[in-house]
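A short write-up of the structure that comes next.
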Amino acid sequence: MLALVVAGLLFLAACSDDDSPTDPGPQLDLLELAEQEENFDTFLELAVVADLDDLLSEDGPWTVFAPVDAAFEALPQDLLDQVTGDPEVLRAVLENHIVEGEFNRMQVMGAGELESLYGATLTGTADGPILFIDGVEMVETNLFASNGVI
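Residues in the sequence shown are numbered consecutively from 132, following this note's numbering.
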């Protein structure tokens, strides 16, 4: 009987307070995550043309303020053609949507200003729960990847 009690105590001592498996965190990189989401098809196509797809797969961390497809659809076609027709201009435009470091929604609101890869200052503001970057409402936020966040 004593052996059973000791064995039981040893078993309990070997158990941690938290027996749930450790959360490995996000497994997809930013490129894979954007591919999985429904609203970033145009951004992905343009990132490939601008040769930014490798960056979105690298370690990072990066925060990507990726425009959703509806944002591209709202642009005048001649402006979109002008930007997409010049890979250097396209790269600069897309780099203006990426910052080094991982900033979730609350951190962006608290930071106030962030510097984009292009070197521009991006200003984050909030109106209640709504986040704006340079006056543009962020529709999709806190999509976490292994190398950053969209």
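The beta-carbon is built from N, C-alpha and C at its ideal position, and this holds for glycine as well. In this text the structure is predicted, and so the values were computed from the model without any measurement.
Collapsing the DSSP output to three states places Phe203 in a helix.
When C-alpha distances from Glu271 are compared across Gly243, Asn278 and Thr194, the shortest belongs to Thr194. As DSSP reads the structure, Gly243 sits in no beta bridge.
The Cβ neighbour count for Gly279, taken over all protein chains shown within 10 Å, is at least 16; the residue is labelled buried. For Glu246, same chain residues with a beta-carbon under 7 Å away, outside a window of 5 residues either side, are Val230 and Thr252 in chain order. Each residue's CA atom was taken as its position, placing Asp160 and Ala223 some 22 Å apart. In the assembly as shown, Gly255 is a buried residue. Its beta-carbon has 16 or more other beta-carbons within 10 Å. Going by DSSP, Asp160 is part of no alpha helix (DSSP H) at all; its letter is neither H nor E. Counting only runs of 4+ residues, the alpha helix (DSSP H) found wholly inside the segment 224–278 occupies 236–242, in chain order.
CA-to-CA, the gap between Val239 and Asp212 works out to about 31 Å. Where Ala178 is concerned, the enclosing alpha helix (DSSP H) starts and stops at Asp172 to Val180.
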